[in-house]
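Asker:
Residue numbers (the UniProt record's numbering): 1 to 105.
1. Within 8 Å, do at least three Cβ pairs link the region 57-70 to the region 28-35?
2. Could you tell me if residue 89 is buried or exposed, where buried requires 16 or more neighbouring beta carbons within 10 angstroms of its beta carbon?
3. Looking at residue 38 and residue 52, is the spacing between their C-beta atoms short of 9 Å?
4. When you compare only the Cα positions, how much space is there between residue 92 and residue 100?
5. Among 41, 26, 72 and 35, whose alpha-carbon lies nearest the alpha-carbon of residue 86?
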């Protein structure tokens, strides 16, 4: 998943193996079963390594968290958060935008 469509982050990225501040405060393994099924659906092994699933979960949670924070920044200018704030953030990623629009209809 590329987060280039969501703009640049004000936080510097590090290649550290240390868990991020966000991931250390949350309960891990919440999306384990769902991610295993999704990984298999994308032609991974039917039983992926727990480390692979944990890494995917960290990546997904970090991406969604950053997207929500950016949407909050946009929404705070109007005083509320809306679906349009999220659509605005993914406007340059046509597949994501099309899929979100399809799901919202």
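Think of the CB as a built atom: it goes at the ideal place given N, C-alpha and C, for glycine as much as any other residue.
Answerer: Reading from the atomic positions:
1. Using a C-beta cut-off of 8 Å, the region 28-35 makes contact with the region 57-70, since at least three inter-stretch Cβ pairs fall below that distance.
2. Taking the chain shown and counting its residues from 1, the one referred to as residue 89 is at position 89. Buried, because 16 or more other Cβ atoms sit within 10 Å of the Cβ of residue 89.
3. Translated into the one-based positions of the chain shown, residue 52 becomes position 52. Translated into the one-based positions of the chain shown, residue 38 becomes position 38. Going by C-beta atoms, residue 52 is not nearer than 9 Å to residue 38.
4. For this step, residue 92 is matched to residue 92 along the chain shown. For this step, residue 100 is matched to residue 100 along the chain shown. Each residue's alpha carbon lies about 13 Å from the other.
5. On the chain shown, position 86 is the one that residue 86 refers to. Residue 72 holds the alpha-carbon nearest to the alpha-carbon of residue 86 among 41, 26, 72 and 35.
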